[in-house]
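Protein chains in written order, with the working numbering: chain Y, 1 to 461; chain A, 1001 to 1279.
Report on one structure; see the data block that follows.
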Amino acid sequence: MANMSLKKNEMPVQAADVRNKNFQEVALGYTRETALDEASRCLNCKKPMCIEGCPVGINIPGFIEKIRQEDFEGAYDVISISSSLPAVCGRVCPQEKQCESRCVRGVKGDPVGIGRLERFVADLHNANKSTENLTPKQPTGKRVAIVGSGPSGLTCAGDLAKKGYQVTVFEALHTAGGVLVYGIPEFRLPKDIVKGEIEGLKNLGVKFETNVVIGKSITVDELFENGFEAVFIGSGAGLPRFMNIPGENLKGVYSANEFLTRINLMKAYREVNDTPVMRAKKVAVIGGGNVAMDACRCAKRLGAEEVYIVYRRSLDELPARKEEVEHAMEEGIIFKLLNNPVEILGDDTKSVCGMKCIEMELGEPDASGRRSPVEKAGSEFVLDVDCVIMAIGTSPNPLIKSTTEGLEINRKGGIVVNEDGLTSRNNVYAGGDAVTGAATVILAMGAGKTAAAAIDKELSK
Amino acid sequence: MYKIVLKKKLNPTVTLMDIHAPLVAAKAQPGQFIILRVDEEGERIPLTVADYDREKGNVTIIFQIVGATTRKLDEKNEGDSIQDFVGPLGRATHTEGIKKVAVVGGGVGCAIALPVAKKFHEQGTHVTSIVGFRTKDLLILEDEFRAASDNYIVMTDDGSYGEQGLVTNALEKLIEAGEQFDEVITIGPLIMMKFVCAVTKKYNIKTVVSMNPIMIDGTGMCGGCRLTVGGETKFACVDGPEFDGHLVDFDEAMSRGGMYKEFERHAYEETCNLFAQKA
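Below, the structure is given as structure tokens:
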């Protein structure tokens, strides 16, 4: 008999006024008992809508059923068929917009806590796994190069390795993981988890080459000359966007990419690390996505007294994952919604000393269907801040396209691909933010998966 | 890990190292840079490529000890390794079609100016090199520069070697005397490049500067290296590091370069104390 409670089991978290001063993980995960209780809320629908909501199509009722049978390893196996990074997705997917948004239990009450259950299963597996020595299927003897070790690259690598391909992942930075390492903070996605997932891929035979910039150190054409038979480009979103307002190059203005990289990849918050990061008193983060939430919560943890989110639309339009918005609010982040910066003000040392904003109101819906914000005349005011972080998206990186002849690029700079992830070049595939511009981890994984299937089909011909 | 195969002190604060990094050596061009990390806790710093040996797979870097990281790097010896070394990054110096060039280097910037002068020299461009140092003891790469130049001029602040004065004095004198440069390339402290540009602007001579701002990834991802060039924001790592000097906002670049000054001073002192204790 299903558990008919309308409420999703809460996940224990570190207290808000404790966690906003440390970088340890915020959410602590379900216990076995809560997981069993939550799993029993699933109705195991005949036509499970949740699966359609998952970009990689995990058999959700299937793995939840295994949890109910207390076969947790079995549950992990079900997830693994579709996802290479369950411990990551359980933490960073916007479930409320995907699987959970389709859950029938959500019609009246909370949907089943699918993300929390996924995380529980993956964490339990990672805690208990012996040093797996997964022997891939019959080796195909064929080599595939993956450019970038973020979510799309790792997924593509994992799927191909499982099929017996010899896979090498090239990473420009000194640590593998891409945005999972430089972008998403420790308190939301502990780096040991990413490391664990990468170790898992290494056990499958995937090779990782860090400090190699494809497009610079080696070109895509040279990869083919070196014997790779297919290339997957998952180089991620590149250049951070700015607003083109006065004052953006003052000292104390960061792109979110820079601020987060200093903290997450370079560990600037630790005394022993050499990388500096500004410890500001009052910080404004511009934007309303997950990156903006990560940046504001990092700023708070670095000791800022006041941290603002400045977003031009209202609460309903915030693109960030709901849990991150709630956590940010609990941690004392001040949301200045329906406000937009017009100028960053500097003092005589060219350091930030304030930010002039204007109030906005929502007008008619625009092409995206969202009501577009309009400035309220005469409503300018100055926010007292000494640091501004721009988290308003990125444009695709130019390095690969500028050195790869015949690679078609769209108007926004993204790589053009067909439904299989194939680019305008034979045997060159692409996916993730390099194609779509800034999007989510799970969409990138979906793209990596699609491309892996297409590469396998092509190379098996 | 990347092995240090050669270490040479060029002057009391400037060190040359050859690093074994075959992938970088295979591709490096004058004007490009690398990013390195000395150890696991180290920061990522950009250094312009000073030379390369494609056959041996070595890349030469020349650096001045200015902060904690360069101090830590200088403590390493031949046979030691450094944690990370990635590149080549940025665009190579554009040399095609230039018949007569002035290469103006200041201090450790001369280390980066040398490969540029060499490339011009090898393709048959007439090269005038003007190098500036505070004093004779700090002079570096004299023989190498002479070999790569048709005309080599040394300027020292105190007149202890070459002529007394600034590189801008020598450059202006040559221009006034009727030298017709197709292009001036200047590499050195921001303030020097700014004044070189002020001189060449007066005579309307195209001038290229090599910028070396704060950087993390070096591939266009962080945006920390942004500069205003001709009123537009440019990223030194992917759009540069060389730019039209007459369009660069030097004052802004100087201000941005000082963002972590206090932190750097503190870190440098701590590192020095650490090495002093060990010694």
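From the three backbone atoms N, C-alpha and C, an ideal C-beta is built for every residue, glycine too.
- Within the same chain, Val1103, Gly1105 and Ile1187 come within 6 angstroms of Ala1113/A by CB-CB distance, once the 5 residues on both sides are set aside.
- Pairing Val382/Y with Val253/Y gives a Cβ-Cβ distance that is not under 9 angstroms.
- The bridge partners DSSP lists for Ile1187/A are Gly1105/A.
- Contact between Gly178/Y and Gly236/Y holds, since their C-beta atoms are separated by about 6 angstroms, short of 8 angstroms.
- Using a Cβ-Cβ cut-off of 8 angstroms, Arg1265/A is close to nothing in chain Y; its nearest Cβ partner there is about 11 angstroms away.
- Between Val1116/A and Gly1087/A, the gap from beta carbon to beta carbon reaches 9 angstroms or more.
- Not a single CB atom of chain Y sits nearer than 9 angstroms to the CB of Val1209/A.
- Between the segment 1215 to 1234 of chain A and the segment 1189 to 1206 of chain A, the count of C-beta pairs closer than 8 angstroms stays below three; the two stretches do not touch.
- Look at Leu180/Y: its C-beta is not under 9 angstroms from any C-beta on chain A.
- Around the beta-carbon of Cys103/Y, 16 or more other beta-carbon atoms lie within 10 Å, marking it buried.
- Sequence-ordered contacts of the segment 1191 to 1219 of chain A with chain Y read Ile1216, Asp1217 and Thr1219 [C-beta pairs closer than 7 angstroms].
- With a cutoff of 9 angstroms on beta-carbon distance, Ala172/Y and Val213/Y are scored as near each other.
- Of the residues Cys45/Y, Pro48/Y and Thr34/Y, the one whose Cα lies closest to the Cα of Ile67/Y is Thr34/Y.
- Counting only Cβ-Cβ distances below 8 angstroms, Phe1235/A has contacts in chain Y at Leu239, in chain order.
- Under the three-state reduction of DSSP, Thr1013/A is assigned to coil, being neither helix nor strand.
- Judged by DSSP secondary structure, Leu1247/A falls outside any beta strand (DSSP E); it is assigned neither H nor E.
- Within the segment 169 to 194 of chain Y, Ala172, Leu173 and His174 place their CB atoms closer than 7 angstroms to a CB of chain A, listed in sequence order.
- Just so you know, the alpha carbons of Gly332/Y and Gly62/Y end up roughly 39 angstroms apart.
- Under the DSSP assignment, Asp1084/A falls in the beta strand (DSSP E) whose first and last residues are Asp1084 to Leu1089.
- Distance check between Gly393/Y and each of Lys47/Y, Thr440/Y, Lys336/Y and Ala15/Y places Thr440/Y closest, using alpha-carbon atoms only.
- At a cut-off of 9 angstroms between beta-carbon atoms, Met278/Y makes contact with chain A.
- Taking 9 angstroms as the CB threshold, Gly1162/A stays off the interface with chain Y.
- Rounded to whole angstroms, the Cβ separation of Ala1025/A and Asp1053/A is 6 angstroms, and the two are in contact under 8 angstroms.
- Put simply, of Cys1272/A, Ile1214/A and Leu1010/A the residue whose alpha carbon is nearest the alpha carbon of Ile1140/A is Leu1010/A.
- Listed as beta-bridge partners of Arg1226/A by DSSP are Phe1235/A.
- Cβ-Cβ distances below 6 angstroms link Glu306/Y to Lys282 in the same chain, with the five nearest sequence neighbours on each side left out; the list follows chain order.
- At a cut-off of 9 angstroms between beta-carbon atoms, Glu1043/A makes contact with chain Y.
- Taking 9 angstroms as the upper bound on Cβ-Cβ separation, chain A lies near no residue of the segment 70 to 104 of chain Y.
- Contact check for Gly1245/A and Met1192/A: beta-carbon distance about 11 angstroms, past the 8 angstroms limit, so the pair fails to qualify.
- With contacts defined as CB atoms closer than 9 angstroms, Gly446/Y and Pro55/Y qualify as a contacting pair.
- Between the alpha carbons of Arg41/Y and Ala2/Y lies a gap of roughly 5 angstroms.
- Between the beta-carbon of Glu330/Y and that of Ile358/Y there is about 28 angstroms, and that puts the pair past the 8 angstroms contact cut.
- One Cα belongs to Arg1091/A, the other to Met1215/A, and the distance between them is close to 15 angstroms.
- Between the beta-carbon of Asn9/Y and that of Gly113/Y there is about 6 angstroms, and that keeps the pair under the 8 angstroms contact cut.
- A direct Cα-to-Cα measurement between Val310/Y and Asp294/Y gives close to 14 angstroms.
- Here the alpha carbon of Phe224/Y sits roughly 15 angstroms from the alpha carbon of Leu407/Y.
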